[in-house]
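Just below is one structure, and these are the notes that go with it.
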Amino acid sequence: MSELLYSEVENDLRASVRDLLSDRSPWTAVLARTETDQPYDLALWRTLATELGLAGLLVPEELGGAGASAREVAVVLEELGRAVAPVPFLGSAVLATSALLAAGDAELLPELAAGNRTATLGVTYTTAPNAVFPASVHVHNGRLTGRIGSVVDLDVAEFVVVPAVGAAGPELHVVEVSSARVTPVVPLDLTRRISHLELDGVSGRLLATGDAAEQALRSALTTGAGLLAAEQLGLAQWCLDSTVDYAKTRYQFGRQIGSFQAIKHRLADLWAATSSALATSRAAASALATGEDVGVSVAVAAAYCSDVAVLAAEEALQLHGGIGMTWEHPVHLYLGRAKSSQLALGSPERHRAALATLIDLPA
Amino acid sequence: MTDLAAKVEAFLAEHPPAGADPIEFLRARFDAGLAWVHFPVGAGGLGAPRAAQFAVDEAFAAAGAPEAVPAAKVIGYGMAAPTILTFGTPEQHERFLRPLFTGEEVWCQLFSEPGAGSDLATLATRAVRDGDDWVVDGQKVWTSFAHAARWAILVARTDPTVPKHQGLSYFICDMNDAGVQVRPLRQITGEAEFNEVFLNAVRVPDAHRLGAVGEGWKVAQTTLMNERVAIGAHAAPREGGLIGVAARTWREHPELRTPGLHDRLLRLWVQAEALRLTSERLRQGLAVGQPGPEGSAAKLAFATINQAVSGFEVELQGEQGLAYEDWTMRRPLETDWASRDPGFRYLRTKGNSIEGGTSEILRNIIAERVLGLPREPRSDADVAWKDLPR
Ligand SMILES: Cc1cc2nc3c(=O)[nH]c(=O)nc-3n(C[C@H](O)[C@H](O)[C@H](O)COP(=O)(O)OP(=O)(O)OC[C@H]3O[C@@H](n4cnc5c(N)ncnc54)[C@H](O)[C@@H]3O)c2cc1C
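This is the structure we're talking about:
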């Protein structure tokens, strides 16, 4: 049975990330940043990556990383989700890093681990782990041409790991973002950016071909989906906690609104759902760390936590009443993040379909 | 053909909509009693049953007849007009109903306050009698379309020494008064449809009071019941609501289809159709009098289906669902949801279960007033408002 509790080391890690985020990235700062031309907090990202060494958690020590596992990354993501922190951790430290690790890269990984560089994975953010290998970019004479829509964290990435199709089939390349065309999309999630990527005869560094390329991509997407569940969990927990606080302090009819059973039961249900989200997310992180039962654990966590995060954000908004509908209140940042994340790295339906095969419950 | 249909036809023959001046046309329609046929003669109506209004509206729409600006309808038609009709004096009918119908004068609703939302009866805005006027001080919030409004329906406290429901009075407030300050309040959609309204020594003539002094709660109930019916029991053709938008996307974009989404869409379609029929039945049953608590059920269901459909729509979009059309801050004059993107609808419909009474409050109303279940224990109903804990 996988270990579902947090270790002391993980709790310490959480405390240091939470401290930093509450100091440097309170929601007021996150909200204020959304409409500036710097939607990401790159100074915060640098601190997380270099001072706390979080960019290299998944990277082995011999490549300059921390040699930690998906379990620690999950803890970091829970905290980032709780704060809807505008940093490219998912794109760089999870998606690109996992692809590079699986493809055996030794060149860019030390740079990412050290926090010197930022990268992302060149797939449409909605791509599920079991999707067919993308064929929108082609390789001719070592040059890449094509378009990939809605790539996460591309705005601030210097490198992008691009799946492409060459003469002999799937290939994985590292491309410098400066050689590509990047068109930002106005996002529903104000705290996480997506952009379209266009490559017009751009040269790349070949990372892997054939089965190795396919496996590296699938591994990155599986890790991404399993760990996004942790971020969704953290988001749901923030929604639950802040709504419970509000229910204790908001008075109507001469009572705290939390004294109405209608509200109590809703929050009790949300607590139960969040507790289960925690368990599934921990199971997925453990599975990714040990390599055991990865397929089922990730599919369950992704399918479950996506919906719980949306539920939590929607309940938070509703139970705050009119104030929850206002821009100057943080709940909409969480709602946008939750709804977008539900589409990301495979919808719950996609993950359930993947599960159906794995557990032999065919349609 | 019914009498009423013949009347509409004769009116349209006499006033061809094509090229007509909208205001003149709407004035004539009001004068002919075809504004709200269930209102009495002389007040824009013909004393017909309420249910007849739907066919009349349909006939005018089919003829391409001019309509009032959208902002005039939400609060003016749905809330202010029936309240003025029920509690207003003949002079007030005469003064307010016609320009309300034509849209020359837009209305807003000054009810909610920062401390009094669901518990509206605790509101603190004070109205103090001064000769023939009342002097009003206080703060209102979430006031939709206040930035476009000429008049407001206002509830204020006229007697703080009696229990909260008893010390309220209901007024018509001039939004052009120098003491009225309207500030935009931005919504999660990026827009500011609603506002904060500060009332600073606003003078309201006693002639602009609706109902007796101290009867404000009863008058406000009429407004709220009408609001809920207006929101929940509006006439709609099949696929008329947001489900129609989702269905259109489904038909036009085969590449978005998945088995799971298909099943969900069909479930939502059935739910939307069931609600449409429920609303239709509710409307057919509405006699000339005031709508009852059943309207609350229609409004509750309206919020539920809108949120379910718009959430589905974002998911149906797939990659496109990650995008948002435009976060620009504006102060709109209508909520035209169909022409916006799914992300906007997703965010905006979140307000449906809050505005006009939250879904939790509506459930309480159904439980207590339709089903007759006992009320939750109340500690504040018999205490003088000024002595309530705050
Ligand atoms: C888009 C929008 C437009 C609006 N337009 C207007 C307008 O034009 N004019 C106007 O006057 N107001 C307007 N409102 C305000 C609206 O009527 C109030 O927001 C609403 O009544 C809820 O009040 P509140 O925001 O204070 O929430 P609260 O009353 O504080 O409610 C907070 C939460 O507690 C729950 N709750 C409260 N009491 C109970 C109870 N007894 N049992 C169970 N649950 C309970 C509520 O359901 C809610 O989930 C608008 C609101 C919105 C969102």
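If you read the protein sequences in the order shown, they are chains A and B.
Take the first sequence: its letters are residues -16 to 346, numbered as in my numbering.
Take the second sequence: its letters are residues 990 to 1379, numbered as in my numbering.
For each residue, glycine too, the CB sits at the ideal point set by N, CA and C.
Quick one: using the 10 Å Cβ neighbour count with 16 as the cut-off for buried, is residue i buried or exposed?
| i | result |
| --- | --- |
| arginine 1319/B | exposed |
| asparagine 1295/B | buried |
| asparagine 1165/B | exposed |
| alanine 299/A | buried |
| aspartate 992/B | exposed |
| glutamine 996/B | Note that residue 996/B is lysine in the sequence shown here, rather than glutamine. Buried is the call here. |
| leucine 1199/B | buried |
| lysine 1375/B | exposed |
| lysine 1339/B | buried |
| threonine 1114/B | buried |
| glutamine 220/A | buried |
Closer than 7 Å: is that where the CB of residue i sits relative to any heavy atom of ligand 1?
| i | result |
| --- | --- |
| glycine 1106/B | yes |
| glycine 1380/B | Outside the displayed span of chain B (990 to 1379) sits residue 1380/B, for which this structure offers no information. |
| glycine 305/A | yes |
| methionine 308/A | yes |
| glutamate 311/A | no |
| isoleucine 1161/B | no |
| leucine 377/A | Given that chain A is displayed from residue -16 to residue 346, the structure contains no residue 377/A and the question cannot be resolved. |
| alanine 296/A | no |
| cysteine 1097/B | yes |
| glutamate 1349/B | yes |
| glutamine 239/A | no |
| alanine 245/A | yes |
| arginine 962/B | Nothing about residue 962/B can be read from this structure; chain B reaches only from 990 to 1379. |
| phenylalanine 1187/B | no |
| asparagine 1215/B | no |
| glycine 1127/B | no |
| serine 1328/B | no |
| asparagine 1353/B | yes |
| serine 1133/B | yes |
| serine 225/A | no |
| glutamine 235/A | yes |
| serine 1101/B | yes |
| glycine 1340/B | yes |
Using a Cβ-Cβ cut-off of 8 Å (strictly less than) and excluding sequence neighbours within five positions of residue i, which residues of its own chain qualify?
| i | result |
| --- | --- |
| glutamate 1304/B | Leu1250 and Gly1310 |
| arginine 1217/B | Pro1280, Gly1284, Ser1285, Ala1287, Lys1288, Gly1345, Gly1346 and Leu1351 |
| aspartate 88/A | Val157 and Leu190 |
| arginine 1237/B | none |
| glycine 1300/B | Tyr1335 |
| leucine 1254/B | Ala1235, Ala1236, Trp1239, Phe1301 and Leu1305 |
Between which residues of its own chain and residue i is the CB-CB distance below 6 Å, once the five residues before and five after are set aside?
| i | result |
| --- | --- |
| alanine 1017/B | His1004 |
| glutamine 1170/B | Phe1187 |
| alanine 1054/B | Pro1006 |
| arginine 175/A | none |
| histidine 334/A | Ala282, Ala285 and Ala286 |
| glycine 149/A | Val122 |
| glycine 64/A | Glu214, Gly217 and Leu218 |
Using 8 Å as the threshold, is the C-beta distance between residue i and residue j below it?
| i | j | result |
| --- | --- | --- |
| asparagine 1184/B | methionine 1068/B | no |
| valine 120/A | alanine 140/A | no |
| aspartate 138/A | tyrosine -11/A | no |
| aspartate 1122/B | proline 1194/B | yes |
| phenylalanine 1134/B | valine 1191/B | no |
| glutamine 1155/B | glycine 1203/B | yes |
| alanine 38/A | serine 75/A | yes |
| serine 1158/B | threonine 1150/B | no |
| leucine 127/A | valine 106/A | no |
| phenylalanine 1100/B | valine 1144/B | yes |
| phenylalanine 236/A | arginine 1337/B | no |
| glycine 1036/B | valine 1045/B | no |
Leaving out five residues before and five after residue i in sequence, what residues of the same chain have Cβ atoms less than 7 Å from its Cβ?
| i | result |
| --- | --- |
| arginine 54/A | Glu(-7), Ala268, Ser269 and Ala272 |
Report task. Would you be able to state if there are at least three C-beta pairs under 8 Å between the segment 96 to 106 of chain A and the segment 44 to 53 of chain A? Result -> yes
Report task. Specify whether the segment 248 to 268 of chain A and the segment 97 to 114 of chain A touch according to this definition: at least 3 beta carbon pairs, one from each stretch, less than 8 Å apart. Result -> no
Report task. Determine, using beta-carbon pairs with one atom in the segment 143 to 157 of chain A and one in the segment 190 to 206 of chain A, whether at least three such pairs fall under 8 Å. Result -> In the pairwise beta carbon analysis, the segment 143 to 157 of chain A is classified as touching the segment 190 to 206 of chain A: at least three pairs are separated by under 8 Å.
Report task. Evaluate contact between the segment 1008 to 1016 of chain B and the segment 304 to 317 of chain A, counting only Cβ atoms and requiring at least three cross-stretch pairs below 8 Å. Result -> no
Report task. Please determine if the segment 206 to 216 of chain A and the segment 76 to 86 of chain A are in contact, where contact requires at least 3 C-beta pairs separated by less than 8 Å. Result -> Of all C-beta pairs linking the segment 206 to 216 of chain A to the segment 76 to 86 of chain A, three or more are shorter than 8 Å, placing the two stretches in contact.
Query raised in the report: Just checking, does the segment 1022 to 1029 of chain B make contact with the segment 319 to 332 of chain A on the three C-beta pairs under 8 Å criterion?
Result: no
Report task. Evaluate contact between the segment 1044 to 1059 of chain B and the segment 1078 to 1088 of chain B, counting only Cβ atoms and requiring at least three cross-stretch pairs below 8 Å. Result -> In short, these stretches do not touch, since the Cβ pair count stays below three.
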